[in-house]
Amino acid sequence: AAWAAAARELARAPSRGGERAASSRLTLALRHFERATSPSMLARASPPMRACAASCCLELARFFLELRQPRLKDLEAALAHARGGRERRRLEGGDALDAQLAEAEERALREL
Numbered sequence: 280a281a282w283a284a285a286a287r288e289l290a291r292a293p294s295r296g297g298e299r300a301a302s303s304r305l306t307l308a309l310r311h312f313e314r315a316t317s318p319s320m321l322a323r324a325s326p327p328m329r330a331c332a333a334s335c336c337l338e339l340a341r342f343f344l345e346l347r348q349p350r351l352k353d354l355e356a357a358l359a360h361a362r363g364g365r366e367r368r369r370l371e372g373g374d375a376l377d378a379q380l381a382e383a384e385e386r387a388l389r390e391l
């Protein structure tokens, strides 16, 4: 996904300029992801599509939680993505993905 590539680039950006460019691409990719997985877009989505969106939210939550020194806004982003993933899965029953999203949400709350 575009956000994953931008995140990898941000992690290895050697200079301030490179970091700023990678950060801009990550922000843009996150905006596209949020738009593509909005409740209105997923209202008629199939269960596998909602599961895919929830899985992406889990990966984003983990990304923000695994930063070397997560700042407050990183922890808030992790919490928002974990909760967003659980919301996207609300029509399905509990499963391993839901448990992992709940774990990421709890970790983000603990670290806040």
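Using the numbering used here, you'd call the opening residue of the sequence shown number 280 and step up by one each time. Yeah, the Cβ is synthetic: ideal placement off N, Cα and C, and Gly gets one too. Values in this document were obtained by computation on a predicted structure and should not be read as measured data.
Does the distance from the CB of residue i to the CB of residue j come in under 9 Å?
{"i": "Arg-367", "j": "Leu-309", "result": "no"}
{"i": "Leu-337", "j": "Ala-387", "result": "no"}
{"i": "Leu-339", "j": "His-360", "result": "yes"}
{"i": "Arg-365", "j": "Leu-380", "result": "yes"}
{"i": "Ala-332", "j": "Thr-306", "result": "no"}
{"i": "Leu-376", "j": "Ser-334", "result": "yes"}
Just checking my contact of residue i with residue j at CB under 8 Å: how many whole Å lie between their CB atoms?
{"i": "Glu-385", "j": "Pro-349", "result": "Not quite, the Cβ-Cβ distance comes to about 15 Å (not below 8 Å), so this is no contact."}
{"i": "Arg-341", "j": "Ala-383", "result": "6 Å"}
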